[in-house]
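Participant: Supplied in structure tokens, the structure appears directly below.
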Amino acid sequence: MTDLQKHMPNLAKHEGVWDGMYRYYDANGDKIDEHKSRLVCRITGDDQMPYHQTNHYSWADGKTEVRDFKTTYSFGRIIFDNELIYGWCTEIPADDHHRTLMLYWQRKGEEGLELYEMIQLSDCGTLRNRVWHWYKNGVLVQRTLIDEKFVSRDWRKISGPSFNGEAI
1 MTDLQKHMPN
11 LAKHEGVWDG
21 MYRYYDANGD
31 KIDEHKSRLV
41 CRITGDDQMP
51 YHQTNHYSWA
61 DGKTEVRDFK
71 TTYSFGRIIF
81 DNELIYGWCT
91 EIPADDHHRT
101 LMLYWQRKGE
111 EGLELYEMIQ
121 LSDCGTLRNR
131 VWHWYKNGVL
141 VQRTLIDEKF
151 VSRDWRKISG
161 PSFNGEAI
């Protein structure tokens, strides 16, 4: 068991590959975008980078994007700090059911833009739902709803944006 698995056991339940759908809504509740996703969530065992997540996105028009998030760990939080965001993820000890992770991050290069994310994992561990609240200078400007299904615990077999010949 790694230090991260010991200190953040609820986060460790998310390790593996997840397929999902991101849906974006403006502050009025109107859908403004949606795309498919495949997330590869890794507990690495490396103290310098204990958690590593790679997000593969695919839109209906053929556009694709890959975002890579390496982290550090400090005082009960994994810390994201890359060219896109600075923020953290922590478990919520008050959740008696041990289903909830909370994230906060700021978008770099977009002054005043902050996001809060809540992740809920199902009791069976095969479904998760996420919601992002986007704030610009303290005012809600957007929400993102994400529904995901667990694909595999074995993230080591995953390489690149195409998986076993299947496009995401």
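Numbering follows my numbering, with no gaps: position 90 of the sequence shown is 90. Heads up, the beta-carbon is just placed ideally off N, CA and C, and yes, glycines get one too. Please read all numbers here as calculations on a predicted model, not as lab measurements.
If contact is defined by three or more beta carbon pairs under 8 angstroms, each pair taking one atom from either stretch, is the segment 15-27 in contact with the segment 38-52?
Facilitator: When Cβ pairs closer than 8 angstroms are counted between the two stretches, the segment 38-52 is seen to touch the segment 15-27, the count reaching three or more.
Participant: Tell me, please, whether the segment 94-101 touches the segment 68-79 by the rule of three or more beta-carbon pairs shorter than 8 angstroms.
Facilitator: no
Participant: Return the CA-CA distance between D154 and R23, expressed in angstroms with no decimal places.
Facilitator: 27 angstroms
Participant: Using the Cα positions of Y51 and D3, report the straight-line distance between them to the nearest angstrom.
Facilitator: Using only the alpha carbons, I get a separation of about 11 angstroms.
Participant: Nearest CA to the CA of M1: which residue from H14, Y104, I43?
Facilitator: I43
Participant: What are the start and end residues of the alpha helix (DSSP H) that includes D170?
Facilitator: One cannot answer for residue 170 here, as it falls past the ends of the chain, which runs 1 to 168.
Participant: Of the residues M8, L140, W132, Y86, which one's Cα is nearest the Cα of N28?
Facilitator: L140
Participant: Determine whether the beta carbon atoms of R107 and I85 lie at a separation below 7 angstroms.
Facilitator: yes
Participant: Mind listing, in chain order, the continuous beta strand (DSSP E) runs of no fewer than 3 residues lying wholly within the segment 43-90?
Facilitator: 51-58, 64-74, 77-81
Participant: Looking only at DSSP bridge pairs, what is K31 linked to?
Facilitator: Y25
Participant: Return the Cβ separation of N137 and G109 in integer angstroms, given the expectation that the two are a contact with Cβ distance under 8 angstroms.
Facilitator: At roughly 15 angstroms, the Cβ-Cβ gap does not stay under 8 angstroms, so N137 and G109 are not in contact.
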